[in-house]
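Numbers 1 to 632, taken from the UniProt record's numbering, label the letters of the sequence shown in order.
The C-beta atom is built at its ideal place from N, Cα and C for all residues, glycine as well.
In what follows, a single structure is set out as structure tokens and then discussed.
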Amino acid sequence: MAGYRELYERSLRDPEGFWGEEAEAITWHRRWDRVLDDSEAPFYRWFTGGQLNTAYNCLDRHADGGRGEQPALIHDSPVTGTQTTYTYAQLRDAVARFAGVLRGLGVGHGDRVIVYMPMIPEAAIAMLACARIGAVHSVVFGGFAGAQLAKRIDDAEPKALVTASCGIEPGGVVDYKHLYEHALSEAAHAPTTVVVKQRERQPCELVNGRDHDWDSAMAHAAPADPVPVAATDPLYILYTSGTTGWPKGVVRDNGGHAVALHWTMKGLYGIDPGEVFWTASDVGWVVGHSYIVYGPLLRGATTVMFEGKPVGTPDAGAFWRVIEEHGVAALFTAPTAFRAIRQRDPEGREIAKHDLRGFRTLFLAGERCDPDTFVWAQNRLNVPVVDHWWQTETGWAIAGNPMGIEPMPVKPGSACKPMPGWDVRVLDEGGAELGANEVGAIACKLPLPPGTLPSIWGSRDRFYNEYLSTFPGFYRTGDAGMLDSDGDVWVMGRLDDVINVAGHRLSTGAIEEALANHPDVAECAVMGVHDDLKGQVPVGLVVLTASCDRDSDAVAKECVQQVREEVGPVAAFKHVAVVPRLPKTRSGKILRGTMRKLADGEEPTVPPTIDDPAILDEVRHALADLRKHWDV
Numbered sequence: 001m002a003g004y005r006e007l008y009e010r011s012l013r014d015p016e017g018f019w020g021e022e023a024e025a026i027t028w029h030r031r032w033d034r035v036l037d038d039s040e041a042p043f044y045r046w047f048t049g050g051q052l053n054t055a056y057n058c059l060d061r062h063a064d065g066g067r068g069e070q071p072a073l074i075h076d077s078p079v080t081g082t083q084t085t086y087t088y089a090q091l092r093d094a095v096a097r098f099a100g101v102l103r104g105l106g107v108g109h110g111d112r113v114i115v116y117m118p119m120i121p122e123a124a125i126a127m128l129a130c131a132r133i134g135a136v137h138s139v140v141f142g143g144f145a146g147a148q149l150a151k152r153i154d155d156a157e158p159k160a161l162v163t164a165s166c167g168i169e170p171g172g173v174v175d176y177k178h179l180y181e182h183a184l185s186e187a188a189h190a191p192t193t194v195v196v197k198q199r200e201r202q203p204c205e206l207v208n209g210r211d212h213d214w215d216s217a218m219a220h221a222a223p224a225d226p227v228p229v230a231a232t233d234p235l236y237i238l239y240t241s242g243t244t245g246w247p248k249g250v251v252r253d254n255g256g257h258a259v260a261l262h263w264t265m266k267g268l269y270g271i272d273p274g275e276v277f278w279t280a281s282d283v284g285w286v287v288g289h290s291y292i293v294y295g296p297l298l299r300g301a302t303t304v305m306f307e308g309k310p311v312g313t314p315d316a317g318a319f320w321r322v323i324e325e326h327g328v329a330a331l332f333t334a335p336t337a338f339r340a341i342r343q344r345d346p347e348g349r350e351i352a353k354h355d356l357r358g359f360r361t362l363f364l365a366g367e368r369c370d371p372d373t374f375v376w377a378q379n380r381l382n383v384p385v386v387d388h389w390w391q392t393e394t395g396w397a398i399a400g401n402p403m404g405i406e407p408m409p410v411k412p413g414s415a416c417k418p419m420p421g422w423d424v425r426v427l428d429e430g431g432a433e434l435g436a437n438e439v440g441a442i443a444c445k446l447p448l449p450p451g452t453l454p455s456i457w458g459s460r461d462r463f464y465n466e467y468l469s470t471f472p473g474f475y476r477t478g479d480a481g482m483l484d485s486d487g488d489v490w491v492m493g494r495l496d497d498v499i500n501v502a503g504h505r506l507s508t509g510a511i512e513e514a515l516a517n518h519p520d521v522a523e524c525a526v527m528g529v530h531d532d533l534k535g536q537v538p539v540g541l542v543v544l545t546a547s548c549d550r551d552s553d554a555v556a557k558e559c560v561q562q563v564r565e566e567v568g569p570v571a572a573f574k575h576v577a578v579v580p581r582l583p584k585t586r587s588g589k590i591l592r593g594t595m596r597k598l599a600d601g602e603e604p605t606v607p608p609t610i611d612d613p614a615i616l617d618e619v620r621h622a623l624a625d626l627r628k629h630w631d632v
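Here you go:
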């Protein structure tokens, strides 16, 4: 096999040849006319003229090709105390039958279906059933507020809503019925068809003439065959927060998505058919789309779907129990999950209770992993840790460590090398390219590789204005960082997380690294706060480890000194508050922008993705106390 450098350089020099060869691993109903269509640049398309079916490639070709009895999906639910395994043949049959349910309800090629479900197998079945008949699914995180669900309904204008009666969390039951009824009453384009999976913990009353019981509908439906669709047809719409307050519907097409994800399963994650891959995320996020549902199944691997938490279901050993029981070869999760585990079990005692000899690699993404957590995970697990970088918009990794091609030396804090097809550059505000180790705006030269967003749902202009207009010929990632002298990518945070202290541009990520090195700090966040004298000054919030019994003021003073020693006095870092927890999205991203507004005395709009709004009051009080002693 060719090494990383040879593959990468060829992917940039000859993208049509590179991706055309990779596309041979996918089953096509009709081959493409062009691998890369640049006729409407900068709006590039992949595999124009080609036809395929994504669900067929995920299920039928494996079920009919000798893997019918192999586990395809393992559902592990500590919150209900149940486990269910679907073989490839069983999952294919369930998807075909629910595709028949949708078809019987009038859903067809190009129609949109909102999927609003907890982490249960029916969520994946609904997604794949849409793909099977050429419908476009849009998964909305289960438990999302009704008003936010209504906005997504109005943007997608779906023909049907697929949901469940409730979700189950460690702290209790989430009443989905109340939430989706609120959304349907508020939406201007509410669908007239709703399919409800009744859960034993809390079933709900169905509305006559509108609602259909999942189990009853499945019992009476005729299976539907896969429908060939154009490679450029949308597979799904996934909404991400928009700067205007109206969500952005990221579009993913069928052809490029299948080709790219299939490549990543071997090239990046090093997973072979038949191996077990576990992504501890949610199908409501892009990670869940790519690597709970589509990627592992395209590869012929076994995917684990986990309805639980890294701690609390029942303890900080939950992940190791799942890895041992199901023979997981690689785990993909967010850094925040490991910080939570480390906070509860800093010595890693729970790890030692389980046989993890078959576990090969830990992959982290969602936000930059601080080096301290990275090293902790590597030392406790004794396996390679890959902190790779990607976005909802990209659908797969811009940069990572190609474990299936040529594993690279690890640099804690780095996202390692650009992946094939990703021509990563670092630009200044005027679009000029910066040199090695210079921090600027990370951008990717067009065309982007297959599997990335071709547009925003319903608005090519919005796609252009938000991503392509700032640096002509480039995709603007919105992240700040640098390329080092070895060509490794360092992502330091969002562009607005680069702060200006008395004329010095500083990355909040560098200050966070220093804070995270303190032995009593489990988690931290740094934001730039307005200061009349210096323009901005950095303010830190830290969460202490569960084992720390020291005075919080003493720890805060030590944190200030640590930043002074590791970053330097230029950071002007003097302000640290100890808080019980940090505000995050449900996917684990720390809400630094929201905290910055609180620190500046503004009242932020509470993001709809926030995990627990009550945390903001805790942070507000801590920042107010800190500001009383402000020393400028």
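The C-alpha of A123 lies about 11 angstroms from the C-alpha of V95. For secondary structure counted as the beta strand (DSSP E) over 3 or more consecutive residues, the segment 195-262 holds these complete runs in sequence order: 211-213, 234-240, 248-253.
Contact check between the segment 383-400 and the segment 419-432: three or more CB pairs, one atom from each, fall below 8 angstroms, which counts as touching. By a beta-carbon distance limit of 8 angstroms, A622 contacts V579. Their separation comes to about 5 angstroms.
Along the UniProt domain "AMP-binding enzyme C-terminal" (511-589), the alpha helix (DSSP H) occurs as fully enclosed runs of 4 or more residues at 552-566, listed in sequence order. Between the segment 181-199 and the segment 157-164 there are three or more C-beta pairs closer than 8 angstroms, enough to call the two in contact. Comparing alpha-carbon positions, the option among E169, L206, P118, L591 lying closest to T313 turns out to be E169. Within the same chain, and ignoring the five residues on either side of S11 in sequence, the residues whose Cβ sits closer than 7 angstroms to its Cβ are F18, P420, G421.
Within the segment 277-342, complete beta strand (DSSP E) segments of at least 3 residues are found at 302-306, 328-333, given in chain order. Annotation for R103: the continuous alpha helix (DSSP H) segment containing it runs 88-104. With contacts defined as CB atoms closer than 7 angstroms, N53 and P296 fail to qualify as a contacting pair.
In the DSSP secondary-structure assignment, R30 is bridged to Q51. Shown here for I615: same chain residues with a beta carbon closer than 6 angstroms to its own, the five before and five after excluded, namely R581, P583 in chain order. According to the DSSP assignment, P71 belongs to the beta strand (DSSP E) that extends over 71-77.
Between L298 and N57, the gap from beta carbon to beta carbon is short of 7 angstroms. V606 is positioned such that its CB atom lies no closer than 7 angstroms to that of A572. Looking at the backbone, the Cα of E347 and that of A23 are separated by about 46 angstroms. Apart from sequence neighbours up to five positions away, the residues of its chain that approach M218 with a beta-carbon distance below 7 angstroms are R97, F98, V101, ordered along the chain. For S290 and G327, the gap between their C-alpha atoms comes out near 21 angstroms. Taking 7 angstroms as the cut-off, the beta carbon of V250 is found closer than this to the beta carbon of T392.
Taking the Cβ atoms as the reference, S138 lies roughly 18 angstroms from R103, outside the contact range of under 8 angstroms. Our two residues, V79 and E307, have alpha carbons roughly 7 angstroms apart in a direct line. Within the DSSP secondary-structure output, K353 pairs in no beta bridge. Between A340 and P310, the C-beta spacing is below 7 angstroms.
L453 carries a coil assignment under DSSP once its states are collapsed to helix, strand and coil. For F359, the CB contacts under 8 angstroms within the same chain, skipping 5 residues up- and downstream, are I323, V328, A329, A330, L331, L381, V383 in chain order. In terms of Cα proximity to D345, the closest of T82, M408, A522, F474 is A522. Excluding its 5 nearest sequence neighbours in each direction, I456 has C-beta neighbours in its own chain below 8 angstroms: K248, G249, V250, V251, R462, F463, E466, listed in chain order. In the three-state reduction of the DSSP assignment, H137 falls in the strand class. DSSP, reduced to helix, strand and coil, places W389 within a strand of the structure shown.
Straight through space, the alpha carbons of T264 and N401 are spaced by roughly 11 angstroms. Classified as buried, K266 has 16 or more neighbouring CB atoms from the shown chains inside 10 Å of its CB. When DSSP states are grouped into helix, strand and coil, T394 belongs to the coil group.
The beta-carbon separation of F47 and V35, rounded to 6 angstroms, stays under the 8 angstroms limit for a contact. Between the segment 469-478 and the segment 421-431 there are three or more C-beta pairs closer than 8 angstroms, enough to call the two in contact. As computed with DSSP, L12 is found in no beta bridge at all.
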